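Structure first, commentary second.
Chains as they are written, first to last, in the numbering used here: chain W, 370 to 921; chain U, 6 to 319.
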């Protein structure tokens with residue numbers, strides 16, 4: 370036993386020595402890194418470097434079918450390398466494990482790439498203070514030609530990309546904030562079968578679902594209808610919360626771990642929405658829909674594939690998802706008559722917003738940035754940083770880079786005549802937008818601009834026309850997700866996870882009828898006990914900065 | 006030639022050590038790799054537990070980060086979910102031992118009694134298969150089977166005139182789903198050790214018992230079971246010592262906010278608060294708490310086993 374103790378002690382001593390040797394504090398990284406410019410100002414000229422430069426870029430592999438995993442095997446990336454003279458060594462991680470993989474790697478502080486997608490990897494100021502990324506202000510000033518052009522006409526985006534300390538740590542993904550986001554889509558043939566039209570009020574919505582349930586919309590003689598196929602999870606509750614506008618609530622989904630939906634601003638002040646009588650009314654309604662069998666019973670575990678399954682069996686009269694997918698649901702529906710992609714004619718039609726109790730009819734716009742951001746790490750050699758910045762800049766807003774997003778590669782997915790007219794080109798048996806995605810175009814899984822032009826190049830005409838008529842329904846969210854300070858971020862980290870767990874657990878149980886609505890007051894009191902007011906104070910601080918930064 | 010002498014000379018101290026090393030070099034080579042593995046991957050990383058008392062900063066490194074005393078432990082103990090997490094973790098482990106632990110033993114005994122070799126092999130292969138299905142796929146199957154709308158189990162229940170049950174969303178059912186699916190996944194594979202132990206029993210014992218007129222059940226009770234008791238006890242102690250180590254992978258795949266009440270365990274909580282929030286200090290503190298409890302449990306159960314059965318790990 371004594372020998373064993375000595376052995377363990379020696380081992381522990383050895384570990385401590387290795388630890389000391391292996392964890393020498395690094396010096397804080399300099400934040401201003403660009404060498405002084407001596408040549409003429411950079412104007413976005415290609416190639417980005419006279420000599421071939423190699424950069425390592427770590428990113429996730431994308432969230433949707435409209436994204437391809439970046440790879441030098443894909444024609445778009447080969448083309449971009451040719452025009453920029455920058456070779457990228459891609460390190461890609463599946464989207465769902467990106468956060469865990471990268472936060473662990475960041476914590477180890479070694480083997481960082483030159484450029485890092487900062488998608489939900491934490492507070493940018495903290496990452497910079499920890500010596501992981503650098504501030505890009507000076508680099509953007511000198512080498513961010515296209516970014517500066519973008520900022521000239523998009524001051525709001527610049528404000529949102531700027532951290533409270535005045536630095537820009539990464540260029541972020543801009544989103545199409547007012548075009549066909551998450552909303553219910555209704556099968557127009559099912560509506561015809563039950564003799565009802567597009568609902569505009571909560572009562573009409575409920576009646577339509579009841580008709581779908583009772584009138585055998587798939588005509589198979591069985592009571593197997595799923596009137597409203599939807600989802601509700603802690604990862605994304607917006608499929609249900611989007612409907613709360615009809616109750617004069619504004620439950621904006623902040624993505625990741627920012628529970629923006631907890632609050633809204635009214636008359637310049639923040640309100641805790643979940644404690645309002647309007648939320649009780651909303652919950653009561655959703656719980657009734659569930660109890661009446663109008664929502665799929667598996668809404669907490671359903672995913673896109675499950676929704677498609679309900680649609681393909683003709684069971685779903687209404688489905689809630691990204692309405693840009695309306696034509697895919699249409700294509701899967703038995704009501705689709707020989708239209709392979711479901712794109713030619715509408716079947717599942719995005720629903721007009723329901724009128725709220727105060728008579729307003731609107732959808733909340735999505736937040737302008739979605740968290741994908743390209744940061745330059747401290748491990749990027751100082752002499753490479755100008756090229757890294759130029760590459761980020763070029764891919765964000767450079768004309769050829771934009772072309773690859775919209776059209777793919779000339780000769781492969783499109784041809785251009787002498788007058789500059791573009792014609793789509795697709796190999797036999799392939800659908801054009803899927804082909805553009807397959808070769809690396811469409812939406813890349815890195816910071817980029819979601820462009821209406823890109824969207825229009827593959828959207829069915831009927832959906833695009835519908836989108837135009839829906840523009841009048843979009844309204845800015847009252848709270849915008851501008852950046853947290855490091856202190857705010859740390860304070861939220863201690864409070865929000867437990868609070869979120871409680872909120873989602875309670876709301877799910879209310880919806881499923883496991884907790885009766887009569888206990889809503891207990892829920893409200895418990896939120897106070899669990900510190901929702903403290904969290905709201907932090908949101909108020911940010912809201913004050915929002916008013917200053919965006920003027921609203 | 007004894008250990009202590011070489012060519013008539015008495016060896017002591019370092020010389021004796023060298024002599025022994027030379028003599029047992031083959032054994033030492035065999036043990037070297039596992040030894041290096043344990044030192045590199047099990048002991049050296051242990052210094053990381055100091056993170057439990059520090060506010061980890063990547064720039065300053067593990068030892069350079071500022072000390073925060075027991076801040077993370079206080080946060081964990083004062084979390085409204087502390088007792089629920091402990092209860093859920095403990096109960097899932099306990100039920101696992103009560104219900105899952107005996108199944109492979111029974112299965113191995115039954116399998117060893119099967120006379121048809123082809124059937125024995127067939128049953129064994131079929132019982133192994135679920136173990137080799139990836140956890141994600143296996144849990145996807147479970148969720149589909151139990152789907153309240155169209156899951157096969159609910160379809161059967163409805164045909165029998167019963168009301169469909171929302172197995173996944175009803176917190177009351179979570180533990181049953183977890184345990185039963187665990188048995189389905191693992192019992193075949195876990196039976197291997199017991200089958201090996203049964204194969205090692207001297208066949209003369211069975212022959213003698215047959216001559217003495219013992220029935221099949223008597224042979225199981227008086228020969229098979231006592232012969233595999235050491236294997237059972239050792240595996241039981243190891244299982245008991247891992248009581249708070251409920252794997253989070255399976256639970257993450259099965260839990261929804263509606264079943265947090267019974268499904269949320271320490272490891273899933275650490276995943277949400279430690280890993281997803283980049284709060285490595287908090288994650289380490291909870292992990293350390295878990296490890297200390299497990300360490301205490303393994304010592305207690307080992308002593309208990311030694312006292313009751315004279316079989317123990319050490």
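Note that the Cβ used here is the ideal one computed from N, Cα and C, for glycine as well. Here the structure is a predicted model, which means the values were calculated and not measured.
*asked:* On the DSSP bridge list, what partners appear for residue 228 of chain U?
replied: Note: residue 228 of chain U sits in no beta bridge, so no partner.
*Kindly list the residues whose CB is nearer than 6 angstroms to the CB of residue 884 of chain W, restricted to its own chain and excluding five residues on each side of it in sequence; keep chain order.*
Excluding residues within five positions, the ones whose Cβ falls inside 6 angstroms are 878.
*asked:* So, for residue 95 of chain U: in the same chain, excluding its five sequence neighbours on each side, which residues have a beta-carbon less than 8 angstroms away from its beta-carbon?
replied: Setting aside the 5 residues that flank it on each side, residue 95 of chain U is surrounded in the same chain by 248, 249, each with a C-beta closer than 8 angstroms to its C-beta; the list follows chain order.
*Do you know offhand how far residue 257 of chain U's Cα is from residue 834 of chain W's?*
Near 42 angstroms, if we compare the C-alpha coordinates of residue 834 of chain W and residue 257 of chain U.
*Could one say the Cβ of residue 148 of chain U lies closer than 8 angstroms to chain W's Cβ atoms, at least one of them?*
Using a CB distance cut-off of 8 angstroms, residue 148 of chain U counts as an interface residue toward chain W.
*Chain-order list of residues whose beta-carbon lies under 8 angstroms from that of residue 406 of chain W (same chain, five-residue window excluded)*: Bear in mind that the predicted position of residue 406 of chain W carries a pLDDT of just 47, short of 50, making it unreliable; the figure below should be weighed with that in mind. Contacts found: 511.
*asked:* Counting only beta-carbon separations shorter than 8 angstroms, does residue 870 of chain W have a partner in chain U?
replied: True, the Cβ-Cβ gap to chain U drops below 8 angstroms.
_On the criterion of 16 or more Cβ atoms from any shown chain inside 10 Å, does residue 688 of chain W qualify as buried, or is it exposed?_
By the neighbour-count rule (16 or more Cβ atoms within 10 Å), residue 688 of chain W is buried.
*With 16 other Cβ atoms within 10 Å as the buried cut-off, status of residue 780 of chain W*: Result: exposed.
*Chain-ordered chain W contacts of residue 171 of chain U [CB-CB under 7 angstroms]*: The answer, in chain order, is 666.
*Quick one: measure Cβ to Cβ for residue 639 of chain W and residue 632 of chain W, integer angstroms, because I've assumed they're closer than 8 angstroms.*
Sure, about 5 angstroms apart at Cβ, within 8 angstroms.
*With C-beta atoms as the reference, is residue 479 of chain W less than 8 angstroms away from residue 617 of chain W?*
Result no, Cβ atoms of residue 479 of chain W and residue 617 of chain W do not sit closer than 8 angstroms.
*Thinking C-alpha only, which one of W:578, W:775, W:508, W:916 is nearest residue 804 of chain W?*
The residue among W:578, W:775, W:508, W:916 with its C-alpha nearest the C-alpha of residue 804 of chain W is W:775.
*Taking DSSP as the reference, what is the three-state secondary structure of residue 735 of chain W?*
Secondary structure at residue 735 of chain W: coil, using DSSP grouped into helix, strand and coil.
*For residue 539 of chain W, the three-state DSSP class (helix, strand or coil)*: In this structure, DSSP gives residue 539 of chain W an extended state, which the three-state scheme calls strand.
*Any heavy atom of the ligand PLP closer than 7 angstroms to the CB of residue 28 of chain U?*
The ligand content of the structure shown is nil, which means the ligand PLP is not present either.
*Consider the Cβ of residue 17 of chain U: report whether some Cβ of chain W lies at a distance smaller than 8 angstroms.*
Not closer than 8 angstroms to any Cβ of chain W, the Cβ of residue 17 of chain U fails to qualify, so no.
*Quick one: list the residues of chain W neighbouring residue 261 of chain U, beta-carbon separation under 8 angstroms, in chain order.*
Simply 602, 669, 670, 877.
_Any C-beta of chain W within less than 9 angstroms: which residues of the stretch 279–296 of chain U qualify?_
From the stretch 279–296 of chain U, only 280, 281, 282, 283, 284, 285, 287 have a Cβ closer than 9 angstroms to chain W.
_Proximity of residue 451 of chain W and residue 569 of chain W at Cβ, strictly below 8 angstroms_ = Residue 569 of chain W is positioned such that its CB atom lies no closer than 8 angstroms to that of residue 451 of chain W.
*Rounded C-alpha distance that separates residue 473 of chain W from residue 643 of chain W*: The alpha-carbon atoms of residue 473 of chain W and residue 643 of chain W are separated by roughly 34 angstroms.
*Given 8 angstroms as the limit, is there contact between the stretch 545–552 of chain W and the stretch 836–849 of chain W, that is, 3 or more CB pairs closer than that?*
Because the criterion of three Cβ pairs below 8 angstroms is met, the stretch 545–552 of chain W and the stretch 836–849 of chain W touch.
*In chain order, which continuous runs of the beta strand (DSSP E) of length 3 or greater are located wholly inside the stretch 496–551 of chain W?*
The stretch 496–551 of chain W contains these whole beta strand (DSSP E) runs: 539–543.
_Cutting at 7 angstroms between CB atoms, please list the residues of its own chain near residue 650 of chain W, excluding the five before and the five after it._
Cβ neighbours of residue 650 of chain W beyond the five flanking positions: 616.
_Quick check: residue 464 of chain W and residue 551 of chain W, are their CB atoms within less than 8 angstroms of each other?_
Taking 8 angstroms as the Cβ cut-off, residue 464 of chain W and residue 551 of chain W do not qualify as a contacting pair.
*Alpha carbon to alpha carbon, how far is residue 168 of chain U from residue 91 of chain U?*
Across the structure, residue 168 of chain U and residue 91 of chain U are spaced so that their CA atoms are roughly 33 angstroms apart.
_Cross-chain neighbours of residue 475 of chain W in chain U, by beta carbon under 9 angstroms_ = 63, 283, listed in chain order.
*So which residues on chain U does residue 881 of chain W lean against when the C-beta distance must stay under 8 angstroms?*
Taking the beta carbon of residue 881 of chain W as reference, the chain U residues within 8 angstroms of it are 171, 174, 263, listed in sequence order.
*Apart from the five residues just before and just after residue 502 of chain W, which ones in its own chain have a Cβ nearer than 8 angstroms to its Cβ?*
Excluding positions up to five away in sequence, the list reads 485, 487, 493, 496, 538, 539, 744, 745, 746, 747.
*Where do the N-terminal and C-terminal ends of the alpha helix (DSSP H) with residue 66 of chain U fall, by residue?*
Here the alpha helix (DSSP H) through residue 66 of chain U covers 66–69.
_chain U within 8 angstroms of residue 899 of chain W, Cβ atoms only_ = Chain U contact via Cβ: present.
*Would you list the one or two residues that DSSP bridges to residue 340 of chain W?*
The first residue shown for chain W is 370 and the last is 921, placing residue 340 of chain W beyond what the model contains.
*Just the C-alpha distance for residue 252 of chain U and residue 872 of chain W, rounded to the nearest angstrom, thanks.*
Computed Cα separation, rounded: 25 angstroms.
*asked:* Against chain W, with Cβ distances strictly below 8 angstroms, would residue 277 of chain U count as a contact?
replied: With a threshold of 8 angstroms between beta carbons, residue 277 of chain U makes contact with chain W.
*Starting from residue 877 of chain W, follow the alpha helix (DSSP H) in both directions and report where the run begins and ends.*
Where residue 877 of chain W is concerned, the enclosing alpha helix (DSSP H) stretches over 855–881.
*Tell me, please, whether the CB atom of residue 478 of chain W is closer than 8 angstroms to any CB atom in chain U?*
Interface residue (Cβ-Cβ distance to chain U less than 8 angstroms): residue 478 of chain W is classified as such.
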